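160 is the number of the first residue of the sequence shown in the numbering used here; add one for each residue after it.
Worksheet for the structure shown next.
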Amino acid sequence: MQPLKDASIVQADARNIRRAVDILRAGGLVAFPTETVYGLGARAFDGAAARRIYHAKGRPSDNPLIVHVDGEKMLELVVRRVPPLARRLIAAFWPGPLTLVLEKATRVPFSVTAGHQTVAVRCPSHPVARALISALGEPIAAPSANRSGRPSPTRAEHVADDLGKRVALILDGGPCRLGLESTIVDARGCRPVLLRPGTLTPEAISRIASISFASSGRAAPPSPGTRYRHYAPSCRVKLITPSAVRSGIIPGFRRRDGLLHISRWGGPRPAFVRRVSAGSAAYARALFASLRAAEKAEVQTLFVETLPERGIGRAVMDRLRRAAES
Ligand code: AMP
Ligand code: MG
């Protein structure tokens with residue numbers, strides 16, 4: 160394989176998608192937009208290429224990758240069988256931000272699944288991601304295109320900031336529409352088990368597909384990636400309640416600090432402030448970009464307003480709590 164050149168951000172047009180396919184066929188890495196976050200992709204059937212993803216990200220080797228397909232036919236190359244529950248979920252939610260954990264096909268290398276007999280598969284709805292997978296004609300293994308532990312990238316520049324020369328090409332498809340990673344469910348049994356919350360909520364899945372979730376008790380080990388420290392910018396992140404925001408009094412808040420909020424702020428204007436207009440979907444979309452912007456503004460501590468743990472708020476709070484862990 161050719162040594163990687165400097166990362167270049169290019170417009171995601173047909174010519175550059177062909178360049179990306181050539182790089183993937185040669186075993187290289189390409190970053191591309193999806194509706195959730197940017198992914199760092201390699202050919203899913205190439206174990207050595209998949210290992211380059213772990214290396215580029217500094218990702219622990221026991222944290223498996225998500226395989227991206229362009230539809231149900233390609234899914235069948237990746238899994239041993241597609242159980243009825245998975246068919247129902249696919250009919251209702253693919254393409255979209257729903258990842259299914261199923262039994263892996265022999266052909267999927269263990270470097271992709273981190274040694275597991277299961278594989279996580281998703282069909283993204285973003286036109287660039289779809290075009291890239293279809294042009295390659297094969298599944299693409301792709302975790303989020305950030306250095307391990309950092310906030311996920313929701314713009315092409317975030318990928319370049321984190322990975323630089325470690326990625327050969329970054330297809331720029333503009334800001335991601337959803338801004339948080341996919342919902343992951345184990346779809347091997349009769350009922351889905353939630354492994355990671357996302358913007359597609361269990362309530363919406365239950366309602367639309369008329370399926371009830373199995374409780375994620377002892378039977379369901381959480382998604383391996385949820386064990387690790389994650390989503391952290393270089394500044395400290397502290398969570399604050401809406402009432403603290405409204406009061407304008409935050410213990411320990413100094414002028415050099417930053418604020419990410421929804422509620423009306425009652426205090427003096429800090430060095431960095433970002434207000435998200437309204438609603439948990441807008442908050443999800445803005446979250447990772449705001450963490451990165453606060454870091455660029457060199458704030459010492461970013462105070463972030465919490466959301467109620469309902470609907471999309473559950474996924475936002477999952478990411479926020481881990482960003483705030485020290
Ligand atoms: P990322 O794309 O960066 O969000 O990382 C992929 C996520 O998918 C990680 O949290 C993994 O733990 C999870 N994942 C991948 N494969 C599996 C699997 N076989 N079972 C459970 N979770 C998985
Ligand atoms: Mg990730």
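The beta-carbon is built from N, C-alpha and C at its ideal position, and this holds for glycine as well.
The model shown is predicted, which means the values in this text are computed figures rather than measured ones.
Among the options, nearest to residue i - alpha-carbon criterion
i           : options            : result
residue 277 : 213, 238, 314      : 238
residue 303 : 171, 252, 185, 190 : 190
residue 395 : 335, 352, 482      : 482
residue 401 : 257, 327, 421, 286 : 421
residue 288 : 419, 351, 172      : 172
residue 305 : 447, 453, 267      : 447
residue 201 : 175, 297, 445, 451 : 297
residue 438 : 315, 250, 469      : 469
residue 322 : 477, 454, 214      : 214
residue 193 : 174, 228, 216      : 228
residue 265 : 285, 453, 294, 235 : 235
residue 523 : 275, 241, 267, 341 : Lying outside 160 to 485, the shown extent of the chain, residue 523 is not represented and no answer is given.
residue 444 : 429, 478, 267      : 478
residue 454 : 480, 361, 418      : 418
residue 293 : 176, 325, 267, 341 : 176
residue 349 : 315, 246, 268      : 246
residue 435 : 466, 233, 408      : 466
residue 218 : 441, 423, 273, 241 : 273
residue 141 : 254, 240, 170      : There is no way to answer for residue 141, as the model of the chain reaches only from 160 to 485.
residue 392 : 411, 233, 241, 320 : 320
Whole-number beta carbon distance between residue j and residue i, since they are thought to touch under 8 angstroms
i           : j           : result
residue 431 : residue 359 : About 31 angstroms separates the two Cβ atoms, so there is no contact after all.
residue 179 : residue 339 : Not a contact, Cβ separation roughly 24 angstroms.
residue 248 : residue 327 : The Cβ separation is near 34 angstroms, so there is no contact.
residue 313 : residue 475 : About 13 angstroms; that fails the 8 angstroms criterion.
residue 389 : residue 308 : 6 angstroms
residue 425 : residue 405 : 6 angstroms
residue 361 : residue 372 : 5 angstroms
residue 354 : residue 382 : 4 angstroms
Beta-carbon proximity check, residue i vs residue j, cutoff 8 angstroms
i           : j           : result
residue 133 : residue 370 : There is no way to answer for residue 133, as the model of the chain reaches only from 160 to 485.
residue 271 : residue 185 : no
residue 223 : residue 290 : no
residue 299 : residue 183 : yes
residue 211 : residue 244 : no
residue 259 : residue 352 : no
residue 341 : residue 256 : yes
residue 283 : residue 209 : no
residue 206 : residue 301 : no
residue 449 : residue 428 : no
residue 458 : residue 415 : yes
Residue i Cβ short of 7 angstroms to the ligand ZN heavy atom set
i           : result
residue 299 : The ligand ZN is not among the ligands present in this structure, which contains only the ligand AMP and the ligand MG.
Let me know the alpha helix (DSSP H) ranges lying completely inside the segment 190-263, each 4 residues or longer, listed in chain order.
-> 206-216, 231-237, 243-252
Which runs of the alpha helix (DSSP H) fall wholly inside the segment 347-383 and span at least 4 residues, in chain order?
-> Listed in chain order, the alpha helix (DSSP H) elements of length 4 or more contained wholly in the segment 347-383 are 361-368.
Are the segment 397-415 and the segment 453-464 touching by the rule of at least three beta carbon pairs closer than 8 angstroms?
-> yes
Which ranges does the beta strand (DSSP E) cover as unbroken runs of at least 3 residues, wholly within the segment 270-345, from first to last along the chain?
-> 277-281, 328-331, 342-345
Report the residue ranges of all alpha helix (DSSP H) runs contained in full by the segment 167-191; include only those spanning at least 4 residues, in chain order.
-> 173-184
Going along the chain, which unbroken runs of the beta strand (DSSP E) with 3 or more residues stay wholly within the segment 391-458?
-> 395-399, 417-420, 431-434
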